[in-house]
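In structure tokens form, the structure reads like this:
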């Protein structure tokens, strides 16, 4: 069965520290992976999709098929990065399956 | 485009009452999704439609939940009768085949 696992509910870091939000998946086909971000009480917004291989707001994520991972990284965290981050997998068809999310808290 | 529009944004209702949540997808999008967000379970897919036809409703928790899409620009999610455990944020989202899924701002439901 398709599944997305985000092992950390909460990640607290200091401003300027590196950030890595972990995401592992299980999927029998070729996965399409995404990261969505949700700022306090707002709608979910697409942050990254693995096929784009882009960097948004300093965040990057690389799909590692061998480890079935799609970790989100940023070298230097900013306070405005504080939000809930969801890793998602797009199953055949078009529905997204989400992990349970990780709250990132960046303090000064 | 104004994006995916949901109403009401907030609703507080008493247990046993009927709740209707509404969604207007982005014009031209042929996929519509309903998700539920809770602290305990995160984001769960409830149901999704393609060209107004329900494709997968396996995430609908029980018969108290129903969803319809009478036309390409409108969908409803109904809970009857509502229970306190239905309290959550309900998100509607839409997309074009193979493209980014865009979310609405959510409907915050509290059942007391």
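Residue numbers (our numbering), protein chains in the order written: chain V, 208 to 315; chain P, 433 to 544. Quick reminder that beta carbons are idealized off the backbone N, C-alpha and C, glycines included. These numbers come from a predicted model, not from an experiment.
{"Asked": "Residue 250 (chain V): contacting residues in chain P (beta-carbon distance under 7 Å)", "Found": "535, 536, 537 and 538"}
{"Asked": "Beta carbon proximity, residue 453 (chain P) to chain V, threshold 9 Å", "Found": "no"}
{"Asked": "Endpoints, beta strand (DSSP E) assigned at residue 455 (chain P)", "Found": "451-456"}
{"Asked": "Beta-carbon gap between residue 442 (chain P) and residue 542 (chain P) smaller than 9 Å", "Found": "yes"}
{"Asked": "Alpha-carbon spacing of residue 469 (chain P) relative to residue 287 (chain V), whole angstroms", "Found": "23 Å"}
{"Asked": "Counted within 10 angstroms of its Cβ, other Cβ atoms place residue 254 (chain V) as buried (16 or more) or exposed", "Found": "buried"}
{"Asked": "Proximal chain P residues relative to residue 302 (chain V), where beta-carbon distance stays under 7 Å", "Found": "465, 477, 480 and 488"}
{"Asked": "8 Å Cβ shell around residue 516 (chain P) - same chain, five flanking residues per side excluded", "Found": "447, 543 and 544"}
{"Asked": "Residue 520 (chain P) and residue 535 (chain P) closer than 9 Å at C-beta", "Found": "no"}
{"Asked": "Backbone secondary structure at residue 215 (chain V) - three-state DSSP", "Found": "coil"}
{"Asked": "Residue 513 (chain P) versus P:449, P:537 and P:491, residue with shortest Cα-Cα distance", "Found": "P:449"}
{"Asked": "Identity of the residues DSSP links to residue 488 (chain P) by a beta bridge", "Found": "P:480"}
{"Asked": "Reference residue 236 (chain V); option with closest CA among V:208, V:216, V:252 and V:310", "Found": "V:208"}
{"Asked": "Limits of the unbroken beta strand (DSSP E) element including residue 497 (chain P)", "Found": "497-503"}
{"Asked": "Continuous beta strand (DSSP E) stretch holding residue 510 (chain P): start and end", "Found": "506-511"}
{"Asked": "Proximal chain V residues relative to residue 523 (chain P), where beta-carbon distance stays under 8 Å", "Found": "250 and 251"}
{"Asked": "Local conformation of residue 446 (chain P) per DSSP, three classes", "Found": "coil"}
{"Asked": "Amino acids of chain P, ordered along the chain, whose beta-carbon sits closer than 9 Å to that of residue 266 (chain V)", "Found": "Under the 9 Å cutoff, chain P gives no residues; its nearest Cβ is about 16 Å from residue 266 (chain V)."}
{"Asked": "Buried versus exposed call for residue 471 (chain P) [16 or more other C-beta atoms within 10 Å across all chains shown]", "Found": "exposed"}
{"Asked": "Whole-angstrom C-beta distance between residue 305 (chain V) and residue 491 (chain P), which should lie under 8 Å", "Found": "About 11 Å separates the two Cβ atoms, so there is no contact after all."}
{"Asked": "Contacts around residue 458 (chain P), its chain only, beta-carbon distance under 7 Å, and the 5 residues preceding and following it disregarded", "Found": "433, 435, 436, 526 and 534"}
{"Asked": "Segment limits, beta strand (DSSP E) that includes residue 241 (chain V)", "Found": "239-245"}
{"Asked": "Residue of P:531, P:485 and P:537 minimising C-alpha distance to residue 503 (chain P)", "Found": "P:485"}
{"Asked": "Local Cβ density within 10 Å of residue 272 (chain V), reported as buried at 16 or more and exposed below that", "Found": "exposed"}
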